[in-house]
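Shown next, in structure tokens, is the structure this report addresses.
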Amino acid sequence: MWSPTGSTTIRTVGPPGSNSRFLADWLPPPCPLWRQPFFSFAFWRRSEFPRPVPRDDPIVQSSATTSPPLSPAATRAAPAKLECRGVWKLFGAGAERYSVRDPNATDSGKLAAAGLVGAVRDVNLAVRDGEIFVIMGLSGSGKSTLVRCLSRLVEPTAGEILFNGENLLAAGDKRMIEIRRHSMGMVFQHFALLPHLSVLGNVAFPLEVQGMARAAREDRAREMIELVGLGGREGFFPRELSGGQQQRVGIARSLAVEPELWFLDEPFSALDPLIRQEMQDEFMRLQSVLKKTIVFITHDFDEAIRLADRIAIMKDGAVVQLGTPEDLVMNPATDYVAEFTKNVTRAKVVRVASVMEAATAAGEGTPTIAATATVSQAAGLFSDGVSTVTVLGAHGQPAGRLTRDAVVNVLMLG
Amino acid sequence: MTAPLAIQTETATTATAPPPAASQSAPGGRWPARLLWGIALAAFILLWQFGKPVADWAFKVPRDWRIPAQRWISDAMRWLLDEASFGLFTFTDLTRFIAGAIEAPYRFILGLLSTGILDGRGSSATQLLPPLSWIAVIGVAMLIGHYAGGRRLAALVGGCFAFLAVFGQWSAAMVTLASILIAVPIGILGGLLLGLAAFRWRPVEAALRPLLDLMQTVPVFAYLVPILFLFGFGPSSAIIATIVYALPPMTRISLLALRAVPEEAHELGRMTGCSKRQMTWRILVPSAMPGLMVGVNQVIMLSLNMVIIASMIGAGGLGFEVLAALRRLDIGAGFEAGLAIVALAIALDRLSQAFAARRPHHESAEERERSIAKRHPYLASGVALILISTLAGLVSAPLQAYPEALQISSGTIGSDIVGWINVHFFDQLEAVKNTLLLNVLIPFKRFLTGLPWIGVVGLLALAGFRLGGWRLALTAAALSALIALTGQWEKAMITVYLCGISVAIACLIGVPVGILAAGRERLWKAVELVIDTLQTLPSFVYLMPAVMLFRVGDFTAMIAVVAYAVAPAIRYTAYGLRRVDPHLIEAGIAAGATPWQLLTKVRLKLALPEILLGLNQTIMLALSMLVITALVGTRDLGQEVYIALTKADTGRGLVAGLAVAFIAIIADRLISAGAARLRVRLGLATAEEIR
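Rendered as structure tokens:
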């Protein structure tokens, strides 16, 4: 799990001879402020990042009644950047002609009888501007096919995909090339680095394809390499780098075109667990700076709740539940979802706002905590005999009161 | 007419029995399959033993059934030469234009390496510029070697080129090198483009596949005549024949390498918004580069293989030296020229491999600031070397051309050794030869030539059906029937007999050697060197000692074929054994297997598919060598091709050549299908993958 200070997982990964530590020291020089834990990801995320509450998603909604409303900033839903309406992807001979509009023809038995496999079945979701949207599912659940439908690497059988309101499925080849060149970036599971190009060449590749002049694209690529902490290795070739470093190159490359929409297809699955954790931290740091709209694919539920603003869980091509990590953990919609959530430590997911009591005035001399903090973050404040903590809303106004009992209750849940 | 009809129903059982019985047994059912084979064999033997008086047509194709393919092909050729036209220009104009387009750069390179840049032609030519001196060529080759693979490679390449000079093969070798330098780039580019086209368009692949099969299996002799007619006698015809020969592997390997590019690389290309051209040249081709380099290497090696045969139609060079030596049975000269080809092959092979393995080196900022000469040290020193050596060559003749006084020759040593063996062991050799001839070769030949063709066609179809289903059965039946109907049956059977015996002996030698060498690293290195040499030595070279020891005839041909074809049997056996998953061997040892059990129950079993592929390769090489052994008086299809070549009879040569190709294709398809089935049964692949 990530730690609230964001700087406890420091590990030396630099080249031999360089002592640069991962999170703190590899940050680009123009932003020395980031070295402060104060500016760590947790700070950004908990206090300033708008955390939308899903309200009108067409999928099972589990939390609307149980969670009390969050601060005004958190409830203000950002507009949808990418919207996916009734998307189907069938594989098999004659898939194009199969009518998924007929409600009688869409159960798996009927599809199997027609010799088809429903890799993506009637998916509706909206990814909002600036959020990290995680699509989680086990292998074969259709998550990779779905993300390829979203980027139109795979042609969906039916449905609509709206990017900034424009239906991608209606876009011609020219328009798609245009959109991909300037508005989308993608990180691949196995990095997909071109072996004959150096780090610089790989990162500059998308710009080269656009026809940007050499000097300009290399400057931009150097910036990106600096940003992901690989400064000084521009001349290396992919095989000379470790897996984690290769994926940093992949990330830098996908960011080189300054995409509005950033796809990450299981970016850390091919990495060792320790490196994976570092990369997750690094990813959150980048996001705190860049604030991209992100679609992140993973098969790892821990990774999903660690990174996500919202998660869609997929099974057999369909989304079984869509919600914030807290929603999923506290109110799993199906046994399938519960299977994933049962081992998650509740206190690390549940927000203070969910368990606080209503109160309008601040208690005298009590510690304070933000409404968006997790219970486990708040727990430390009760250590020296404090019985209540004042909860503050997004603008620092008192929003409620958190009691020791409420915290203990959550901790007891495991 | 009643008698043949009766037989027809009998033979019909061999030909048409498979489908109903097999469809019941489908996959896995062993008993019905055996029953089926039993019935088919019984019918075959009945026909073979008792069919002759009743149905002579089953043994000898009646004259009026024959397809006059020879005449058709000859007529088509005549039409192409005399009448075909594109309106503005004729077909012959086009081919002569191509020949000219190839000849111009060839003349230039030849001038650089051998003759000097000339003004005018023939005897009236005057030299404008001398050719590169031997010192310059060796130096440049060493520089390239150093650039690609460091000091060791530079020394090796230098050694190989020095060998050419010291053994007096320099000028011939430079002629060969010039034609290689022209043929190889054309072959590589053509193969890559064809591979790309096949990769992008399925129909192109479907059309290309059988064409490539034919290009690889039709003996070169067979298409020399039409190439001569179309492109004229001279180096460009030889270069074109070389390209035809070397192109198919490059095409196949390109296609494989392009297919092996990971899906993510395609997705990367699409996500970054690559156009089709960018996708091909910036993503696919660079990503497939390691695989493509294997193809480049193949093109170089095959082109070198081809130089001898090409010398028959005017390529000159080392091939011509070997051929001339063979004609006067000068074993020493032939062997030297042969070794010169090997030296050239080793140098070019190692260079291309080093380029394939070369890791790009990253230029630091300070390096970029230096002067041009310092930034490109190899280019600079190469240019300097050429300038200095040319100037020195003008002053002193030995610096221009390697002095004859310093040349070495093995002279008559080779012939002397053979002569000595002949004097002292003539009777023993003769006894071995006669025993084998009388007890093995001749009975087997009689047996094969006595078989009824229709029965053989039926059995081949049945084998095809059992191994690979309907399509394979049809292919095998149709191709073998075509051989019979074009009147080539008897000669084809002699080919099969020689090829079969040689392959059996090659496997008897090759498989045990492969097993021995597989586990021993040092022995393997030595064996690898020997078989590499065996494969690069021009096939003609094998003929000479064999002819001198055993005179002309089938036995001599067999010895030469075995020597040439043993390499893949060794190589694939060792390769298959070395590729067996070490965990499985550990599991075998842990289960307490003795080394013998380990070999027979684990290693050989799992290596069997590879060994089968080795067998396949052995057959292919044996067939290609068989055509060459026509020079020592065999009576098979190779002889037919050779006669056609001397008579410049396009139709006759191509028909016989196609018959050889059909035999090769049938063997290849049956064995590949068998290997694929075996892989499935051993759990090394799934049935879907094979399909």
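These protein sequences, in sequence, are chains A and B.
If you use the working numbering, the first sequence corresponds to residues 11 to 424, in order.
If you use the working numbering, the second sequence corresponds to residues -8 to 682, in order.
All residues carry an ideal CB built from backbone N, CA and C; glycine is no exception.
Residue i versus residue j - alpha carbon distance
i, j, result
"residue 84(B)", "residue 246(B)", "33 angstroms"
"residue 63(A)", "residue 337(A)", "Its pLDDT being 40, under 50, residue 63(A) is placed unreliably in this model, and the coordinates cannot settle the point."
"residue 105(A)", "residue 126(A)", "7 angstroms"
"residue 500(B)", "residue 539(B)", "23 angstroms"
"residue 406(B)", "residue 163(B)", "22 angstroms"
"residue 140(B)", "residue 487(B)", "45 angstroms"
"residue 384(A)", "residue 360(A)", "5 angstroms"
"residue 216(B)", "residue 449(B)", "34 angstroms"
"residue 525(B)", "residue 378(B)", "39 angstroms"
"residue 216(A)", "residue 210(A)", "11 angstroms"
"residue 254(A)", "residue 294(A)", "15 angstroms"
"residue 328(A)", "residue 423(A)", "30 angstroms"
"residue 190(A)", "residue 269(B)", "14 angstroms"
"residue 674(B)", "residue 502(B)", "23 angstroms"
"residue 381(B)", "residue 167(B)", "22 angstroms"
"residue 201(A)", "residue 165(A)", "23 angstroms"
"residue 401(A)", "residue 395(A)", "17 angstroms"
"residue 299(A)", "residue 140(A)", "11 angstroms"
"residue 90(A)", "residue 305(A)", "12 angstroms"
"residue 542(B)", "residue 322(B)", "14 angstroms"
"residue 29(A)", "residue 243(A)", "Low local confidence applies: a pLDDT of 43 at residue 29(A) is under 50, so the model's placement there is unreliable, and no value is given."
"residue 105(B)", "residue 145(B)", "22 angstroms"
"residue 252(A)", "residue 258(A)", "10 angstroms"
"residue 394(B)", "residue 376(B)", "20 angstroms"
Per DSSP, cross-strand counterpart(s) of residue i
i, result
"residue 174(A)", "None, per the DSSP bridge assignment."
"residue 275(A)", "307(A)"
"residue 93(A)", "136(A), 172(A)"
"residue 738(B)", "Past the edges of chain B, shown from -8 to 682, lies residue 738(B), and the structure says nothing about it."
"residue 98(A)", "168(A)"
"residue 402(A)", "380(A), 408(A)"
"residue 76(B)", "81(B)"
"residue 146(A)", "308(A), 323(A)"
"residue 413(A)", "398(A)"
Residue i burial status per 10 Å Cβ neighbour count (16 or more: buried)
i, result
"residue 438(B)", "exposed"
"residue 696(B)", "The question about residue 696(B) has no answer here: the residues shown for chain B are numbered -8 through 682."
"residue 190(B)", "buried"
"residue 349(B)", "exposed"
"residue 686(B)", "Summary: the structure shown does not reach residue 686(B), with chain B confined to residues -8 through 682, and so no result is reported for it."
"residue 263(A)", "buried"
"residue 410(A)", "buried"
"residue 288(A)", "buried"
"residue 418(B)", "exposed"
"residue 137(B)", "buried"
"residue 344(A)", "exposed"
"residue 656(B)", "buried"
"residue 410(B)", "exposed"
| said: Going residue by residue through the segment 294 to 354 of chain A, where are the continuous beta strand (DSSP E) segments of at least 3 residues, counting only ones entirely within it? | reply: 303 to 308, 320 to 325, 328 to 333
_Any C-beta of chain A within less than 8 angstroms: which residues of the segment 254 to 267 of chain B qualify?_
255, 256, 258, 259, 261, 262, 263, 264, 265, 266
Runs of beta strand (DSSP E) lying entirely within the segment 411 to 471 of chain B, each at least 3 residues, in chain order: none
Kindly provide the ranges of any alpha helix (DSSP H) runs that are 4 or more residues long and lie completely inside the segment 188 to 276 of chain A, ordered along the chain.
209 to 220, 224 to 237, 253 to 265
Note to self: Output needed in chain order: residues of the segment 137 to 159 of chain A with a Cβ under 9 angstroms from some Cβ in chain B.
What the structure shows: 158
**OP:** Please list the residues of the segment 273 to 294 of chain B that have a C-beta atom closer than 9 angstroms to any C-beta atom in chain C, keeping them in chain order.
**Re:** The question asks about chain C, but that chain is absent: this structure's protein chains are A and B.
Review point. If contact means a Cβ-Cβ distance below 7 angstroms, which residues of the segment 274 to 297 of chain A contact chain B?
Key: none
Query raised in the report: Got a sec: which bits of the segment 380 to 409 of chain B sit with their beta carbon under 7 angstroms from any beta carbon on chain A, in order along the chain?
Result: none
Point to revise | Members of the segment 176 to 206 of chain A near chain B, C-beta cut-off 9 angstroms | key: 186, 187, 188, 189, 190, 191, 192, 194, 195, 196, 198, 199, 200, 201, 202, 203, 204, 205, 206
Minimum length 3: unbroken beta strand (DSSP E) runs contained in the segment 114 to 168 of chain B
117 to 120
Quiz item: Mind pulling the alpha helix (DSSP H) runs of 4 or more residues that sit fully within the segment 217 to 249 of chain B?
Solution: none
For a minimum of 4 consecutive residues, which ranges assigned as the alpha helix (DSSP H) are wholly contained in the segment 25 to 104 of chain B? 60 to 73, 82 to 101
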